[in-house]
Structures are given as C-alpha cells and as structure tokens.
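Heads up, the thing below is written out as structure tokens.
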Amino acid sequence: MLLEFEGSNNEPAKLSELEINIFILEIFLAGSETTTSSIEWAFSELLHNPETMVKDTNLVGYFIPKNTQVFVNVWAIGREEECWEEPLCFKPERFLGSKIEYNGQHFEFIPFGAGRRICPDLPLGHRMMHFALGSLLHEFDWEYDFSTNPNPIDTNDKIGLVV
Ligand code: HEM
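Numbering-wise (the numbering used here), the sequence shown opens with residue 12 and increments by one.
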C-alpha cells in the first residue's frame with residue numbers, strides 16, 4: 012500500500028521518508044506492545060488474586076457451579092407480567108414510543124438472543140421481516156373468513172421445525 016505513495020520521476024512522493032518511518036513504527040508498536048503488556052499485567056493481577064480465577068460464579072444471588080449449562084427461558088420472559096402489560100394480548104402498539112429494543116440490550120425482549128452468541132441474522136432478519144410483512148399488509152386487505160371456518164385460528168404453540 013505504501014508503494015502507492017512513493018514518488019516517481021514525474022510525481023513527488025505523497026509521504027516523506029520520515030512519515031513512512033513513523034507510520035511503520037506506530038503500526039508495530041500499536042500492534043505488539045499494547046496487547047502483550049495488557050496480557051502481562053492481566054496475568055500479574057490474576058496471580059496476585061487467585062480467587063478471581065475460580066470457575067464457579069454468583070449471578071444476581073444465584074450460585075452457579077462450574078460447567079453448569081444455563082438456559083434462558085425466553086418464553087417465560089415474554090409472558091412476565093412485571094415487564095409486559097397483558098402479556099398474552101396481541102398489542103403491537105405496545106412498542107410504539109417504547110425504548111425497548113430487540114438488539115440484545117433489553118433483556119425483557121430478546122427474540123434474537125443476546126451477548127456473544129446473539130443471532131448473526133439480526134440485521135438482515137429485521138429488514139426481511141419489515142419488508143415482507145409491510146409489503147403484504149400494504150398491498151392487500153386481509154380478513155379471516157369466519158363463514159367458512161367459524162373456529163378461531165389455532166394459536167397453540169409447540170416445539171418444532173417448519174421445513
Ligand atoms: C426472525 C428470524 C430469526 C430469529 C428470531 C432468530 C433468533 C435466534 C436466536 C434466539 C438465536 C440464539 C441466540 C443466543 O443464543 O443468544 C439465534 C442464533 C443463530 N441464528 Fe438466528 N434467528 C432468526 C433468523 C436466522 C437466520 C435467517 C439465520 C441464517 C441465515 C440465522 C442464523 C443463526 C445462527 C448461525 C445462530 C447461532 C449463533 C451462535 O450460536 O453463535 N438466524 N437466532
């Protein structure tokens with residue numbers, strides 16, 4: 012890349028030799044010194060505080076032993092009355108003006124999960140959902156024909172995969 016900044020017979024150099032020296036020095040220093048000394052200091056602190064390396068943990072008052080597999084019950088969180096008014100009612104307007112986002116920062120609403128293993132499809136999924144749902148709602152008038160089938164749509168859920 013730096014060669015592109017090198018001068019030629021009819022064009023002066025865009026970076027001086029001193030600037031290139033500084034650039035290379037900074038890349039090496041920033042790329043090595045920072046991480047290595049941070050790791051060294053982290054080890055020094057860990058060895059002086061061995062209790063910080065214990066694998067058991069305490070999370071909001073719950074003791075979680077080493078190697079425990081923790082499941083987050085998103086189903087129950089979505090039905091939690093402390094977080095949601097009438098949680099079982101379909102009220103899309105509950106999100107209008109709400110600060111609650113689905114980006115994994117607001118734990119009462121984590122349809123895509125959260126943290127390091129959050130769904131990588133989140134940005135695309137968000138666009139696809141809005142595009143498909145929005146287009147279908149915008150282009151057609153929808154209604155359920157109770158005369159053909161007077162029973163309400165069965166909205167019971169169960170674990171499964173739609174292929
Ligand atoms: C509305 C659509 C979707 C929803 C609601 C959704 C939701 C989720 C959830 C809740 C997780 C678990 C995150 C966690 O453990 O914290 C997940 C993981 C994952 N999702 Fe999605 N997902 C959707 C669409 C997709 C699509 C279309 C793809 C692929 C193109 C995808 C690929 C993945 C992958 C690869 C993981 C595992 C990530 C990991 O464990 O590191 N998802 N998704």
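Even for Gly, the Cβ is constructed at its ideal location relative to N, Cα and C. Here the structure is a predicted model, which means the values were calculated and not measured.
- request: Take the Cβ of F120 as the centre, count every other Cβ of all protein chains shown within 10 Å, and call the residue buried at 16 or more, exposed below.
  value: On the sequence shown, residue 120 is found 109 positions in, with the first residue counted as 1. By the beta-carbon neighbour count (other beta carbons within 10 angstroms, threshold 16), F120 is buried.
query = Say the cut is 7 angstroms; is the CB of P103 nearer than that to a heavy atom of ligand 1?
reply = Taking the sequence shown and counting its residues from 1, one reaches residue 103 at position 92. Not under cutoff, so the answer is no.
**Nearest residue (CA-CA) to L13, options I111, E104, E28, E154** = By 1-based counting over the sequence shown, the position of residue 13 is 2. Of the listed residues, the one whose Cα sits closest to L13 is E28.
In chain order, what residues of the same chain have a beta carbon less than 7 angstroms from the beta carbon of V85, not counting five sequence neighbours either side?
In the sequence shown, residue 85 corresponds to position 74, counting from 1. The residues are I121.
**CB contact below 8 angstroms: P23 versus chain D** = The chain labelled as chain D is not found in the depicted structure, where only one protein chain is given.
- [ ] Could you work out which residue in F118, L99, W153 is closest to I167 when comparing CA atoms only?
- [x] By 1-based counting over the sequence shown, the position of residue 167 is 156. Looking at the sequence shown, residue 167 is not Ile but Asn. Checked all of F118, L99, W153; the closest Cα to N167 is L99.
Whose C-beta lies closer than 6 angstroms to the C-beta of F16 among residues of the same chain, with five residues either side of it excluded? If you number the sequence shown from 1, residue 16 lands on position 5. Short of 6 angstroms from the beta carbon of F16, and not among the five residues preceding or following it, lie these beta carbons of its own chain, in chain order: K25, L26.
Bridge partners - T68, DSSP secondary structure assignment:
Mapped onto the sequence shown, residue 68 falls at position 57. When beta bridges are read from the DSSP output, T68 appears opposite I75.
- Query: Taking the DSSP output, what are the residues bridged to E22?
  - Reply: Your numbering for residue 22 matches position 11 in the sequence shown. In the DSSP assignment, E22 forms a beta bridge with S19.
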